[in-house]
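Undergrad: Here it is, the structure in full.
There are 2 protein chains.
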Amino acid sequence: MRGVEDGLIVVKVGGAEGINYEAVVEDAARLWKEGTRLILVHGASAETNKLAEALGHPPKFLTHPGGMTSRLTDRKTLEIFEMVYAGKMNKYLVELFQRRGVNAVGMSGLDGRIFEGKRKKAIKYVENGKVKIHRGDYSGSVERVNKELLSLLLEHGYLPVLTPPAASFEGEAINTDGDVAAARVAEAFQARALIYLSNVPGLLKNFPDEDSLIPEIPAAEVERYMAFAEGRMKKKVLGAAEAVRAGVGRVVFADARKDRPIARALAGEGTQIH
Amino acid sequence: MRGVEDGLIVVKVGGAEGINYEAVVEDAARLWKEGTRLILVHGASAETNKLAEALGHPPKFLTHPGGMTSRLTDRKTLEIFEMVYAGKMNKYLVELFQRRGVNAVGMSGLDGRIFEGKRKKAIKYVENGKVKIHRGDYSGSVERVNKELLSLLLEHGYLPVLTPPAASFEGEAINTDGDVAAARVAEAFQARALIYLSNVPGLLKNFPDEDSLIPEIPAAEVERYMAFAEGRMKKKVLGAAEAVRAGVGRVVFADARKDRPIARALAGEGTQIH
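Written as structure tokens, this is what we have:
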């Protein structure tokens, strides 16, 4: 028997400037109506920074010893984060689906503990060359996905639109990486494809030179490609390779500034990791 | 067979100052763990006004020819409204449940079209004694509730936490009266009780004199009580009588500043309409 989960696609759309959300939803709605089952995960970082500035609580980012950065999330930041991610952006996307006759259900990772993980209260960071510790942060990584609730919604014809925050194991709201959350969803469903849409054409050899697009990375050769990768891109490539090894059909990094961005990614555009 | 919906309680908690949300959730979580099925509907008006002021888009209210007032909801107001109702307040309440081990799922009326109604684009209002028309508003009244989705969640052990906006029949987000939305939910489930919690002890004969609490109104005698009622209270009494006539066991207006506010309302405190 062919279940609604066969051939599921997980699409993660970032929160950077320049993304054409109408085109993403238009494409997702068309695929949905043609019978493709799909889960959308989204971010809202640029909007969150704007609101945080407007409310006099400007964003702060910590640089970790490994070179990665993350948003410092105190309680006030968490509230602002929830307003933009779970309020403005999530409901905007759900509305775009509803206007197209697709019955979307928007939820954060807190709802039904869709995204669950360990809260990391103490975070090491580097300042003036010294390693320091920030305590009391509301953040953590998604380790568990509530697949049962997502399946229940899909089986009944609802398209899930998901966003951070996640729930800690103690039930606290925690800021979490949306890319990792999307990968955990794709792995839980053994998705046909996991598509990361952002405001660049894919992974770039020489960022931000868009002509330096890397069209393809076999998952087995990821180590060799690490030479090109830095910081956030390194994390993306390693995360993609991990998802493929965990059973996801393929991972694609593609452009969300174009029309039909999902169909293009499925047709081979962007960077394909398989 | 006793279904999960037998004896369901719908609790609406307002968005005014002074409400003890921790006490409301603590009480709801205790009842839930004891086996009572429950749906929570909430507002967030005071917080929305604060955010609107902080963002330089202060709230405006229209006075209708009948004397009622409503929030003027342009597109920018709708975004602010969604940030506070569906973002900050909804996720705050879901988090309070999750911390107590109750698997709540927070959704707006847009999600799965849980609340659906006609968008009322043109609104008559009174200014300087003249009746004028405001056009392009994003508001409307809930006419239909997606009971199937709510039942699905309840049957699988999830406590729904619901909030405006609603979806228009065309799929647009619309600002809507939370009290009416809660009544439509209670009617759809033929709820045992519909409890309105706010920052007063119940319906007051001489507002704001808390000693003038009206303890009881038989639904059949509502007309007689209309003599005391003005504006918003009139609407509340009429709405409650309508819900009782539509099959809701009883409607209670009770105090959300006290501990165990739901248990107190069920035990007979506040204003009981039956």
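Chains as they are written, first to last, in numbering that gives the first Met the number 0: chain A, 0 to 273; chain B, 0 to 273.
Ideal placement from N, C-alpha and C gives every residue a C-beta, glycine not left out.
1. Under 9 Å Cβ-Cβ, which residues of chain A neighbour L54 (chain B)?
2. Should A85 (chain A) and A85 (chain B) be called a contact, given that it needs their Cβ atoms to be closer than 8 Å?
3. Could you tell me which of B:A185, B:E115, B:N145 and B:Y157 sits nearest to F168 (chain B), measuring between CA atoms?
4. I'd like the list of long-range same chain contacts for A15 (chain A), defined as Cβ closer than 7 Å, with 5 residues on each side in sequence excluded.
5. Can you round the beta-carbon distance between G269 (chain A) and D254 (chain A) to whole angstroms, since I take them to be within the 8 Å contact cut?
6. Do H41 (chain B) and L92 (chain B) have their CB atoms nearer than 8 Å?
7. Can you list the residues of chain A that N102 (chain B) reaches, using a CB-CB cut of under 7 Å?
8. Would you please state the rounded distance, in angstroms, between the beta carbons of I261 (chain A) and D5 (chain A)? I believe it to be under 8 Å.
9. State the Cα-Cα distance for the pair L151 (chain A) and A228 (chain A), rounded to the nearest angstrom.
10. Please name the residue or residues paired with S271 (chain A) in a DSSP beta bridge.
11. Does the count of Cβ pairs from the segment 113-133 of chain B and the segment 126-142 of chain A closer than 8 Å reach three?
12. Counting only beta-carbon separations shorter than 8 Å, does A27 (chain A) have a partner in chain B?
13. Only counting runs of 3 or more residues, tell me where the beta strand (DSSP E) segments fall wholly within the segment 164-235 of chain A, in order along the chain.
14. To be precise: take each residue of the segment 154-174 of chain A, compare its Cβ to all Cβ atoms of chain B, and keep it if any distance is under 9 Å. Which residues remain?
15. With 8 Å as the threshold, decide whether the Cβ of A85 (chain A) is near any Cβ in chain B.
16. In chain order, what residues of the same chain have a beta carbon less than 6 Å from the beta carbon of A182 (chain A), not counting five sequence neighbours either side?
17. Going by DSSP, which residues form a beta bridge with E115 (chain A)?
18. Taking contact to mean 3 or more Cβ pairs, one atom from each stretch, closer than 8 Å, check whether the segment 133-143 of chain A and the segment 71-79 of chain A are in contact.
19. Per DSSP, which residues does F60 (chain B) bridge with? Please list them.
20. Can you pull the DSSP bridge partners for P159 (chain A)?
21. Can the beta-carbon of M106 (chain B) be found closer than 8 Å to that of M106 (chain A)?
22. Report all residues from its chain with a CB closer than 7 Å to the CB of W277 (chain B); omit the five preceding and five following residues, and keep chain order.
23. Looking at the structure shown, is I79 (chain B) part of a helix, part of a strand, or coil, going by DSSP?
24. A172 (chain A) and E222 (chain B) - do their beta-carbons sit closer together than 8 Å?
25. Would you give the residue range spanned by the alpha helix (DSSP H) that E94 (chain B) belongs to?
26. For a test of the three-state rule: what should DSSP assign to I261 (chain B), helix, strand or coil?
27. Who are the Cβ neighbours of R256 (chain B) in its own chain at under 7 Å, not counting the five residues just before and after it?
28. Using a threshold of 8 Å, state whether the C-beta atoms of F252 (chain A) and G201 (chain A) are closer than that.
29. Could you tell me the boundaries of the beta strand (DSSP E) in which Y20 (chain B) lies?
30. So, is P163 (chain A) buried or exposed, given that buried needs 16 or more other C-beta atoms within 10 angstroms?
31. Tell me which residues share the same chain as L148 (chain A) and place their Cβ nearer than 7 Å to its Cβ, disregarding the 5 neighbours each side in the sequence.
32. At a CB-CB cut-off below 7 Å, which residues of chain B make contact with G42 (chain A)?
33. Is the beta carbon of G248 (chain A) less than 8 Å from the beta carbon of A187 (chain A)?
34. What separation, rounded to the nearest whole angstrom, lies between the Cα atoms of R118 (chain A) and P57 (chain A)?
35. If you draw a straight line from the alpha carbon of L161 (chain B) to that of D208 (chain A), how long is it in whole angstroms?
36. List, in chain order, every chain B residue whose beta-carbon is nearer than 7 Å to that of V93 (chain A).
TA: In short, the structure shows the following:
1. For L54 (chain B), the C-beta contacts it makes with chain A under 9 Å involve L50, A53 and L54, in order along the chain.
2. Cβ distance < 8 Å, so A85 (chain A) and A85 (chain B) count as in contact.
3. Selection B:A185, B:E115, B:N145 and B:Y157 evaluated against F168 (chain B) yields B:E115 as nearest (Cα-Cα).
4. Here A15 (chain A) has S44, A45, S197 and N198 as same chain residues with Cβ atoms under 7 Å from its own Cβ, once five neighbours each way along the sequence are excluded.
5. Right, the Cβ-Cβ distance comes to about 6 Å (below 8 Å), so this counts as a contact.
6. In this structure, H41 (chain B) places its C-beta atom within 8 Å of the C-beta atom of L92 (chain B).
7. G111 and R112, listed in chain order.
8. 18 Å between Cβ atoms; not a contact.
9. Approximately 39 Å between the Cα atoms of the pair.
10. According to the sequence provided, residue 271 (chain A) is Gln. The question's Ser does not apply to it. Answer is A:E215 and A:V251, bridged to Q271 (chain A).
11. Below 8 Å, too few C-beta pairs join the segment 113-133 of chain B and the segment 126-142 of chain A to call them touching: fewer than three.
12. At least 8 Å separates the CB of A27 (chain A) from every CB of chain B.
13. Taking 3 residues as the minimum length, the beta strand (DSSP E) runs contained wholly in the segment 164-235 of chain A are 165-167 and 192-197, in order along the chain.
14. Against chain B - using a Cβ distance shorter than 9 Å - the residues of the segment 154-174 of chain A are H155, Y157, V160, P164, A166, S167, E169, G170, E171 and A172.
15. Taking 8 Å as the CB threshold, A85 (chain A) lines the interface with chain B.
16. Counting only Cβ-Cβ distances below 6 Å, and skipping sequence neighbours, we find G238 and A242.
17. Partner(s): A:R143 and A:A166.
18. Because the criterion of three Cβ pairs below 8 Å is met, the segment 133-143 of chain A and the segment 71-79 of chain A touch.
19. The partner list for F60 (chain B) (beta bridge, DSSP) reads B:R70.
20. In DSSP, P159 (chain A) forms a bridge with A:V104.
21. Yes; because the gap between Cβ atoms is below 8 Å, this pair is in contact.
22. Since the first and last residues shown for chain B are 0 and 273, residue 277 (chain B) lies out of range.
23. Secondary structure at I79 (chain B): helix, using DSSP grouped into helix, strand and coil.
24. Judged by beta-carbon spacing, A172 (chain A) lies beyond the 8 Å limit of E222 (chain B), meaning their Cβ atoms are not closer than that value.
25. From DSSP, the alpha helix (DSSP H) with E94 (chain B) extends over N89 to R98.
26. I261 (chain B) falls in the helix class under three-state DSSP.
27. Counting only Cβ-Cβ distances below 7 Å, and skipping sequence neighbours, we find G17, I18, N19 and N198.
28. The answer is yes: Cβ separation under 8 Å.
29. Per DSSP, Y20 (chain B) belongs to no beta strand (DSSP E); it is in the alpha helix (DSSP H), Y20 to K32.
30. Here P163 (chain A) is buried, its C-beta having at least 16 other C-beta atoms within 10 Å.
31. So the qualifying residues of the chain are G111 and I113.
32. Counting only Cβ-Cβ distances below 7 Å, G42 (chain A) has no contacts in chain B at all, with the closest Cβ about 14 Å away.
33. The Cβ atoms of G248 (chain A) and A187 (chain A) do not sit closer than 8 Å to each other.
34. Our two residues, R118 (chain A) and P57 (chain A), have alpha carbons roughly 23 Å apart in a direct line.
35. So the two alpha carbons sit approximately 46 Å from each other.
36. Going along chain B in sequence order, the residues near V93 (chain A) (Cβ under 7 Å) are L109 and D110.
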